[in-house]
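In this note's numbering, the protein residues as written are 65 to 231. Cβ atoms here follow ideal geometry from the backbone N, Cα and C, with glycine treated the same way.
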Ligand SMILES: Cc1cc2nc3c(=O)[nH]c(=O)nc-3n(C[C@H](O)[C@H](O)[C@H](O)COP(=O)(O)O)c2cc1C
């Protein structure tokens with residue numbers, strides 16, 4: 065698929081088949097994340113494709129809005145980072161870097177026929193502890209991953225002219 069097809073066909077998937085995800089596909093997704101840009105190229109991050117049911121359960125329990133979606137997926141994708149630097153624009157590098165990496169991860173997943181759903185409703189501390197990461201590590205986004213068990217219609221988007229302009 066071209067990047068434009070991927071952007072058009074990706075959906076947030078909240079129901080997954082039990083079919084395990086091939087390790088090679090997980091490696092490709094983690095590799096897509098590893099190749100992402102980061103502020104000052106610091107790469108203060110770690111990426112995880114979690115398949116261990118016990119760890120997934122702990123992450124699911126930490127996910128306020130959608131625990132069933134996390135627990136029901138064969139994999140949970142996590143990007144964690146420990147860079148506390150704030151850029152001149154006022155935003156934390158870590159949040160921006162990890163969001164870029166997670167976006168690459170879910171787009172790569174789409175290319176590989178896998179569903180995903182970016183999730184920010186988790187308790188960061190609990191996810192950090194579930195992964196055995198030291199204090200100070202941040203986890204702004206996680207995502208379930210797996211073969212979709214639903215085909216949702218596209219969610220509406222604001223009209224081009226409402227949100228974009230060439231000036
Ligand atoms: C930063 C961010 C946080 C999100 N958090 C959640 C979440 O906690 N639970 C959930 O079910 N979906 C979550 N979503 C998914 C959005 O609801 C979804 O992307 C949006 O409704 C558009 O649907 P689409 O992804 O199918 O195009 C999140 C998406 C983003 C970008």
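query: Would you decide whether residue 207 is buried or exposed? Buried here means 16 or more other CB atoms lie within 10 Å of its CB.; result: buried
query: For residue 133, verify whether its CB is less than 7 Å away from any heavy atom of ligand 1.; result: yes
query: Assign residue 83 to one of two classes, buried (16 or more other C-beta atoms within 10 Å of its C-beta) or exposed (fewer than that).; result: exposed
query: Measuring from each Cβ to the nearest heavy atom of ligand 1, keep the ones under 5 Å and list them in chain order.; result: 75, 76, 129, 130, 182, 183, 184, 185, 219
query: Kindly confirm or deny that the stretch 114-128 and the stretch 157-171 touch, where touching means at least three C-beta pairs closer than 8 Å.; result: no
query: Assess, as a yes-or-no matter, whether the stretch 171-185 is touched by the stretch 209-229 under the definition of 3 or more beta carbon pairs within less than 8 Å.; result: yes
query: Output yes or no for whether 8 Å exceeds the beta carbon distance between residue 164 and residue 101.; result: yes
query: Closest by CA to residue 193, which one among 144, 151, 131, 171?; result: 144
query: In chain order, which continuous runs of the beta strand (DSSP E) of length 3 or greater are located wholly inside the stretch 73-134?; result: 109-114
query: Could you work out which residue in 153, 151, 202, 170 is closest to residue 73 when comparing CA atoms only?; result: 170
query: How many Å lie between residue 214 and residue 136 at the Cα?; result: 13 Å
query: What residues are listed by DSSP as bridge partners for residue 223?; result: None, per the DSSP bridge assignment.
query: Just confirm the distance between the C-beta atoms of residue 220 and residue 75, as a whole number of angstroms; I'd bet it's less than 8 Å.; result: With 8 Å as the limit, residue 220 and residue 75 do not qualify as a contact, their Cβ atoms being about 12 Å apart.
query: On the DSSP bridge assignment, give the partners of residue 204 in chain order.; result: Residue 204 pairs with nothing; no bridge assigned.
query: Output the boundary residues of the beta strand (DSSP E) element that contains residue 172.; result: No beta strand (DSSP E) holds residue 172; the alpha helix (DSSP H) holding it covers 157-175.
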